[in-house]
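Participant: Using the working numbering, you'd call the opening residue of the sequence shown number 4 and step up by one each time. Quick one: the structure is below, questions incoming.
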Amino acid sequence: MAKQDDLFKNIVSHAKEYGYIFPSSEIYDGLSAVYDYAQNGVELKKNIREYWWKAMVQMHENIVGIDAAILMHPTTWKASGHVDAFNDPLIDNKDSKKRYRADVLIEDYAEKINQKAQKEIEKARARFGEAFNEQEFVTTNARVVEYLAKKKEILERMARSLETENLADVKALIEELEIADPETGSKNWTDVKQFNLMFGTKLGASAESAMDLYLRPETAQGIFVNFLNVQKSGRMKVPFGIAQTGKAFRNEIVARQFIFRMREFEQMEMQFFVKPGEEMQWYKYWKTTRLNWHLSLGLGKENYRFHDHEKLAHYANAAADIEFNFPFGFKELEGIHSRTDFDLKAHEKHSGRKLQYFDPETNQNYVPYVVETSVGLDRMFLAVFSNSLKEETLEDGSVRTVLRLPAVLAPTKAAVLPLIKRDGLPELAQEIIEDLKWDFNVAYDEKDAVGRRYRRQDALGTPFCITVDHQSLEDKTVTIRHRDSMKQDRVKVSELKDIINQEVSMRTWLQKI
Ligand code: GAP
Numbered sequence: 004m005a006k007q008d009d010l011f012k013n014i015v016s017h018a019k020e021y022g023y024i025f026p027s028s029e030i031y032d033g034l035s036a037v038y039d040y041a042q043n044g045v046e047l048k049k050n051i052r053e054y055w056w057k058a059m060v061q062m063h064e065n066i067v068g069i070d071a072a073i074l075m076h077p078t079t080w081k082a083s084g085h086v087d088a089f090n091d092p093l094i095d096n097k098d099s100k101k102r103y104r105a106d107v108l109i110e111d112y113a114e115k116i117n118q119k120a121q122k123e124i125e126k127a128r129a130r131f132g133e134a135f136n137e138q139e140f141v142t143t144n145a146r147v148v149e150y151l152a153k154k155k156e157i158l159e160r161m162a163r164s165l166e167t168e169n170l171a172d173v174k175a176l177i178e179e180l181e182i183a184d185p186e187t188g189s190k191n192w193t194d195v196k197q198f199n200l201m202f203g204t205k206l207g208a209s210a211e212s213a214m215d216l217y218l219r220p221e222t223a224q225g226i227f228v229n230f231l232n233v234q235k236s237g238r239m240k241v242p243f244g245i246a247q248t249g250k251a252f253r254n255e256i257v258a259r260q261f262i263f264r265m266r267e268f269e270q271m272e273m274q275f276f277v278k279p280g281e282e283m284q285w286y287k288y289w290k291t292t293r294l295n296w297h298l299s300l301g302l303g304k305e306n307y308r309f310h311d312h313e314k315l316a317h318y319a320n321a322a323a324d325i326e327f328n329f330p331f332g333f334k335e336l337e338g339i340h341s342r343t344d345f346d347l348k349a350h351e352k353h354s355g356r357k358l359q360y361f362d363p364e365t366n367q368n369y370v371p372y373v374v375e376t377s378v379g380l381d382r383m384f385l386a387v388f389s390n391s392l393k394e395e396t397l398e399d400g401s402v403r404t405v406l407r408l409p410a411v412l413a414p415t416k417a418a419v420l421p422l423i424k425r426d427g428l429p430e431l432a433q434e435i436i437e438d439l440k441w442d443f444n445v446a447y448d449e450k451d452a453v454g455r456r457y458r459r460q461d462a463l464g465t466p467f468c469i470t471v472d473h474q475s476l477e478d479k480t481v482t483i484r485h486r487d488s489m490k491q492d493r494v495k496v497s498e499l500k501d502i503i504n505q506e507v508s509m510r511t512w513l514q515k516i
């Protein structure tokens, strides 16, 4: 655990030191769970967004994009169910005055029991070697059976109590399990209360006429309310999709783990409108297609898994998460939900307008079903960034820090480095930059010995370093160094654009999907 914490601290400090992410308003000691993207972070984030947009909108003839406003008519949130049901159960510790999500306290407790079971399994695996049969062991070893049954019983009781709004039983469970405040050890708890996660704000100049609004907690509703506008103006035929990226806001009770759970974050969502009855086939299609999109970035197949929901929200008839192996374990990265006709029907009811599709083949109107894909841009950023940061021991025993970002997403594609600061080398380096900057983000660096400059670019995640030396003046060749292999090739200046393009172009990467 300590090792995991160190790794995570290292990621956070690297993000700050190399201009990726800063705490918000840091000179005032920051604002909890709010972060600013710095000069390199904003480029990485923009590239992830573009990679998603191209894959979803540009590569699908039947998907178009919109950019709806963050502020929406307040009835939107009544219709969507967010006013009544977008709650988390919170509990306060009376001694420490710290606030927690009651369900997270219980889940963490259950996870500790699970860890005990996993430890027994690993011990047995080491003892029995190749002959080990895990399936048999987990169903016959008394201790493991007991641990797993206890975990199941706790989680099932919690789910039942939350579903029936029996918050007294959620508190009783915390007390029976003797769950203590993780920071102070105190077991002096208040009752459990429901807490709505939407941020409220006001529209209007005077207090009397002001209208209560919410900052949107998801981008999806901007798509639902525009369904018919897009369908008619774009002459879209079902099945078709509407995609959107943008900010969402949630007043998370416990926001932690850096940019994993923030109060202001960005989503990349797509609602796919289908004929009722065809939703399961599209749900499967989007599960596979979205997983392939993630895999195309090369972060390792073993780092992804599906978590199919057994307990479904009242509006869904299927739902799954794509989980990623973050530095603190497997957690949700993206959700894929078959949302039936719940949202469109709810907006029809609350607005009094018809939100139906006229099917020209059958001459009938119907409310389409929706399959949604929803991924957090900041979570994608964390997945990519944390997976890429490596400490490598080289052949000479020295250690290099390298950010092995997928080249397509790297903020800067190449750094141009004159070997020394005179003899016309800086001028030639600038000439190269003048040419390359039309196609790529490129940087210039002339400070320090070239070896140190290479290391700095490695830590920044720049895929290529181009070094200009005296030979370059004579024959217009340079060395190009590859970040990951550290291999250097002598190439013509005129070849640089093609070499870089081959490695960084979205086309090359998207073709892997
Ligand atoms: N429209 C569906 C929806 O909003 P969700 O599971 O609540 O579903 C979708 O959110 C995705 O948004 C999540 O998988 C996650 O990547 C991201 N997300 C949700 N809450 C977040 C938060 N507080 N901070 C960062 N990302 C968040």
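Think of the CB as a built atom: it goes at the ideal place given N, C-alpha and C, for glycine as much as any other residue.
(1) Using the Cα positions of F384 and R459, report the straight-line distance between them to the nearest angstrom.
(2) Are P371 and L347 touching if we call contact CB-CB under 8 Å?
(3) May I ask you to report which of helix, strand or coil DSSP gives V481?
(4) Whole beta strand (DSSP E) runs in the stretch 346-404 with 3 or more residues, listed along the chain?
(5) Excluding the five sequence neighbours on either side, which residues of its own chain have a C-beta within less than 7 Å of the C-beta of T193, listed in chain order?
(6) Mind checking whether the beta-carbon of S582 lies closer than 7 Å to any heavy atom of the ligand GAP?
(7) Should L420 and R455 be called a contact, given that it needs their Cβ atoms to be closer than 8 Å?
(8) Whose CA, out of K115, V378, V277, V228, lies closest to the CA of L180?
(9) Would I226 pass as a contact of A71 if the rule is Cβ separation under 8 Å?
(10) Nearest-angstrom Cα distance between V402 and K119?
(11) Kindly confirm or deny that the stretch 101-112 and the stretch 75-88 touch, where touching means at least three C-beta pairs closer than 8 Å.
(12) Using the three-state DSSP reduction, which class does Y31 fall into: helix, strand or coil?
(13) From L151, D172, Y150, pick the residue whose C-alpha is nearest to that of R160; which is it?
(14) With distances taken Cα to Cα, identify the nearest neighbour of R493 among R293, T480, E64, E46.
(15) Could you tell me the distance, in whole angstroms, from the CA atom of S488 to the CA atom of V15?
(16) Comparing C-alpha positions only, which one of W289, Y318, N306 sits nearest to A58?
(17) Should F327 go down as buried or exposed, given a rule of 16 or more other Cβ atoms within 10 Å for buried?
(18) Is the closest heavy atom of the ligand GAP to the C-beta of L74 under 7 Å?
(19) Closest to K515 by C-alpha separation, out of S28, Y54, Y38, would be which residue?
(20) Curious, which full-length beta strand (DSSP E) runs of at least 3 residues does the stretch 49-105 contain?
(21) Taking 7 Å as the cut-off, is the C-beta of D381 nearer than that to any heavy atom in the ligand GAP?
(22) If you draw a straight line from the alpha carbon of N117 to that of F140, how long is it in whole angstroms?
(23) How is P421 classed by DSSP in three states: helix, strand or coil?
(24) Assuming L412 contacts I51 (C-beta within less than 8 Å), just tell me the rounded distance between them.
(25) List the residues that DSSP assigns as beta-bridge partners of E600.
(26) If distances are taken between C-alpha atoms only, which option among E166, F89, A386 comes closest to F334?
(27) For S389 and P330, which I take to be in contact (beta-carbon distance under 8 Å), what is that distance rounded to the nearest angstrom?
(28) Is E110 close to the ligand GAP? I mean its beta-carbon at under 7 Å from any heavy atom of the ligand.
(29) Of the choices V67, E282, K49, whose alpha-carbon is the least far from that of K235?
(30) Quick check on E114: does DSSP put it in helix, strand or coil?
(31) When the Cα of V405 is compared with those of A162, H485, P26, R308, which residue comes out closest?
(32) Any heavy atom of the ligand GAP closer than 7 Å to the CB of M265?
(33) Per DSSP, which one or two residues make a beta bridge with P26?
(34) With a threshold of 7 Å (Cβ to nearest heavy atom), would G338 be considered close to the ligand GAP?
(35) Return the bridge partner residues of H340 from the DSSP annotation.
(36) Starting from the C-beta of D344, find all residues in its chain whose C-beta is less than 8 Å away, skip the five residues before and the five after it, and write them out in chain order.
Facilitator: On the basis of the supplied data:
(1) Locating residue 384 in the sequence shown gives position 381, where the first residue counts as 1. Locating residue 459 in the sequence shown gives position 456, where the first residue counts as 1. Taking the straight line joining both Cα atoms gives about 21 Å.
(2) Translated into positions along the sequence shown, residue 371 becomes position 368. Translated into positions along the sequence shown, residue 347 becomes position 344. In contact: P371 and L347 (Cβ atoms closer than 8 Å).
(3) Position 478 of the sequence shown, counted from the start, is the residue given in the question as residue 481. Reduced to three states, the DSSP call for V481 is strand.
(4) 360-362, 367-369, 372-379, 392-396
(5) Taking the first residue of the sequence shown as 1, we reach residue 193 at position 190. Once the five neighbours on either side are set aside, the close Cβ partners of T193 are I94, D95, K97.
(6) Here the chain comprises residues numbered 4 to 516, so residue 582 is not present and cannot be evaluated.
(7) For this step, residue 420 is matched to residue 417 along the sequence shown. For this step, residue 455 is matched to residue 452 along the sequence shown. Against a cut-off of 8 Å, the Cβ pair of R455 and L420 comes out as no contact.
(8) Reading the sequence shown from its first residue, position 177 is the one you call residue 180. Cα-wise, what sits closest to L180 is K115.
(9) Indexing the sequence shown from 1 puts residue 226 at position 223. Indexing the sequence shown from 1 puts residue 71 at position 68. In contact: I226 and A71 (Cβ atoms closer than 8 Å).
(10) Indexing the sequence shown from 1 puts residue 402 at position 399. Indexing the sequence shown from 1 puts residue 119 at position 116. So the alpha carbons of these two residues sit roughly 35 Å apart.
(11) no
(12) Residue 31 sits at position 28 when you count from the first residue of the sequence shown. The answer is helix: DSSP assigns Y31 an H, G or I state.
(13) Against the sequence shown, residue 160 aligns to sequence position 157. Closest option to R160, Cα to Cα, is D172.
(14) Locating residue 493 in the sequence shown gives position 490, counting from the first residue. It is T480.
(15) Translated into the one-based positions of the sequence shown, residue 488 becomes position 485. Translated into the one-based positions of the sequence shown, residue 15 becomes position 12. S488 and V15: Cα-Cα distance of roughly 25 Å.
(16) What you label residue 58 is simply residue 55 of the sequence shown in a count that begins at 1. Taking only the C-alpha atoms, the option nearest A58 is W289.
(17) By 1-based counting over the sequence shown, the position of residue 327 is 324. With 16 or more other Cβ atoms within 10 Å, it is buried.
(18) As a position in the sequence shown, residue 74 is number 71, starting the count at 1. No - the ligand GAP has no heavy atom lying nearer than 7 Å to the Cβ of L74.
(19) Stepping through the sequence shown from its first residue, residue 515 is reached at position 512. Of S28, Y54, Y38, the residue nearest in Cα terms is Y54.
(20) 66-68, 90-95, 102-104
(21) Taking the sequence shown and counting its residues from 1, the one referred to as residue 381 is at position 378. Yes, the Cβ of D381 comes within 7 Å of a heavy atom of the ligand GAP.
(22) Here the question's residue 117 lines up with position 114 in the sequence shown. Here the question's residue 140 lines up with position 137 in the sequence shown. Going from the Cα of N117 to the Cα of F140 covers about 15 Å.
(23) On the sequence shown, residue 421 is found 418 positions in, with the first residue counted as 1. The answer is strand: DSSP assigns P421 an E or B state.
(24) Indexing the sequence shown from 1 puts residue 412 at position 409. Indexing the sequence shown from 1 puts residue 51 at position 48. The pair is a contact, with the Cβ atoms about 6 Å apart (cut-off 8 Å).
(25) Only positions 4 to 516 of the chain appear in the structure, and residue 600 is not among them; the question remains open.
(26) By 1-based counting over the sequence shown, the position of residue 334 is 331. Rather than Phe, the amino acid found at residue 334 in this sequence is Lys. Of E166, F89, A386, the residue nearest in Cα terms is A386.
(27) As a working mapping, residue 389 is identified with position 386 in the sequence shown. As a working mapping, residue 330 is identified with position 327 in the sequence shown. Rounded to the nearest angstrom, the Cβ distance from S389 to P330 is 5 Å, consistent with a contact under 8 Å.
(28) For this step, residue 110 is matched to residue 107 along the sequence shown. Because no heavy atom of the ligand GAP lies under 7 Å away, the Cβ of E110 does not count as near it: no.
(29) On the sequence shown, position 232 is the one that residue 235 refers to. With distances taken between Cα atoms, K235 lies closest to V67.
(30) As a working note, residue 114 is residue 111 in the sequence shown. In this structure, E114 counts as helix in the three-state DSSP scheme.
(31) Reading the sequence shown from its first residue, position 402 is the one you call residue 405. Checked all of A162, H485, P26, R308; the closest Cα to V405 is H485.
(32) Within the sequence shown, numbered from 1, the residue matching residue 265 stands at position 262. Under cutoff, so the answer is yes.
(33) Within the sequence shown, residue 26 is the residue found at index 23, counting from 1. According to DSSP, P26 bridges with Y38.
(34) Taking the sequence shown and counting its residues from 1, one reaches residue 338 at position 335. Because some heavy atom of the ligand GAP lies under 7 Å away, the Cβ of G338 counts as near it: yes.
(35) Looking up residue 340 in the sequence shown gives position 337. In DSSP, H340 forms a bridge with A322, E375.
(36) To locate residue 344, count along the sequence shown from 1; it is residue 341. Beyond the five residues adjoining it in sequence on each side, D344 comes within less than 8 Å, by CB distance, of P279, V370, P371, Y372, V373 in the same chain, given in chain order.
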